[in-house]
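Numbering (the working numbering), first residue to last: 7 to 276.
Glycine included, each C-beta is placed from N, C-alpha and C at the ideal position.
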């Protein structure tokens with residue numbers, strides 16, 4: 007069994023997730039909202055459903071659970087996509103994500119390019135014409151919009167596996183084919199997770215937590231859970247380039263550690 011303790015997977019369909027659940031020894035976790043999976047090491051996966059809004063909401067939900075972890079985590083959206091010319095079963099890393107409905111673009115940091123990279127366009131319905139030589143799918147932009155609110159860009163990646171193209175349209179896709187291409191690309195998915203895990207581990211070194219956090223814990227009463235939340239919030243502010251905002255908030259007079267946590271959490275959402 008291979009697992010990565012600091013990785014969150016966001017996957018549209020259970021069919022796409024089946025081999026990952028098995029390969030990473032993920033087990034179902036009780037949740038009223040989503041199909042959620044976790045293994046003993048802490049790796050997590052969520053089945054978000056189709057579309058931009060579903061991907062964004064599920065990613066936000068999973069991020070809300072991350073406050074229980076004291077460390078930053080890597081985020082990976084894995085799923086099938088169509089492409090004008092790429093071969094069936096080929097794997098591509100998103101180097102540009104476009105939300106067709108709004109025209110908004112994002113540029114992921116390319117930390118893993120071994121399988122090749124491509125622009126990924128998120129559409130509201132399956133693309134049947136493939137007008138551009140890019141990947142088409144329905145979740146990446148929603149996933150991205152939510153995930154980057156909670157960590158730094160290099161910790162957010164999209165990996166797309168080609169299930170259809172001009173020679174093999176979406177109406178020819180079968181469950182057997184999806185299972186096969188996901189299984190065939192499991193090693194690449196593991197390599198991407200390994201790269202993410204390495205970056206996150208480097209970032210989570212104890213020395214990176216910062217003197218300001220240690221000082222706050224000395225000056226205010228924080229429960230053990232609140233200490234984890236404080237460290238996690240500091241990491242989020244630091245990763246998003248908002249260290250000055252963090253310092254300004256914690257320099258103010260607060261009556262309790264809980265109020266510091268609440269204000270930091272509210273301000274980072276703005």
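Extent of the continuous alpha helix (DSSP H) run through residue i
| i | result |
| --- | --- |
| residue 38 | Where residue 38 is concerned, there is no enclosing alpha helix (DSSP H), given that its DSSP letter is neither H nor E. |
| residue 195 | 192 to 209 |
| residue 45 | No alpha helix (DSSP H) holds residue 45; DSSP gives it neither H nor E. |
| residue 253 | 249 to 257 |
| residue 177 | Taken as a continuous stretch (DSSP letters only), residue 177 belongs to no alpha helix (DSSP H), as it is neither H nor E. |
| residue 26 | 20 to 29 |
| residue 274 | 263 to 274 |
| residue 224 | 217 to 225 |
| residue 155 | It is not in any alpha helix (DSSP H) - residue 155 carries neither H nor E in the DSSP assignment. |
| residue 66 | 58 to 71 |
CB-CB length for residue i against residue j, believed under 8 Å
| i | j | result |
| --- | --- | --- |
| residue 94 | residue 165 | Between residue 165 and residue 94 the Cβ distance is about 16 Å, and since that is not below 8 Å, they are no contact. |
| residue 90 | residue 171 | 6 Å |
| residue 126 | residue 15 | About 17 Å separates the two Cβ atoms, so there is no contact after all. |
| residue 88 | residue 157 | Rounded, the Cβ-Cβ distance is 28 Å, inconsistent with contact. |
| residue 56 | residue 144 | 5 Å |
| residue 161 | residue 104 | Not quite, the Cβ-Cβ distance comes to about 21 Å (not below 8 Å), so this is no contact. |
| residue 9 | residue 49 | 5 Å |
| residue 265 | residue 251 | Between residue 251 and residue 265 the Cβ distance is about 16 Å, and since that is not below 8 Å, they are no contact. |
| residue 218 | residue 253 | 7 Å |
Contact check, residue i vs residue j, beta carbons under 7 Å
| i | j | result |
| --- | --- | --- |
| residue 267 | residue 235 | yes |
| residue 147 | residue 65 | no |
| residue 98 | residue 124 | yes |
| residue 189 | residue 118 | no |
| residue 51 | residue 40 | no |
| residue 45 | residue 34 | no |
| residue 86 | residue 169 | yes |
| residue 198 | residue 13 | no |
| residue 5 | residue 135 | Outside the displayed range of the chain (7 to 276) lies residue 5, so it cannot be described from this structure. |
| residue 21 | residue 184 | yes |
| residue 107 | residue 72 | no |
Residue i - partner residues in DSSP beta bridges
| i | result |
| --- | --- |
| residue 170 | 88 |
| residue 102 | 125 |
| residue 143 | 128 |
| residue 15 | 51 and 82 |
| residue 162 | 81 |
| residue 112 | 103 |
Buried or exposed (CB count within 10 angstroms, at least 16 for buried), residue i
| i | result |
| --- | --- |
| residue 128 | buried |
| residue 113 | exposed |
| residue 54 | buried |
| residue 225 | exposed |
| residue 312 | Any answer about residue 312 is impossible in this case: the structure gives the chain only from 7 up to 276. |
| residue 115 | exposed |
| residue 96 | buried |
| residue 247 | exposed |
| residue 139 | exposed |
| residue 237 | buried |
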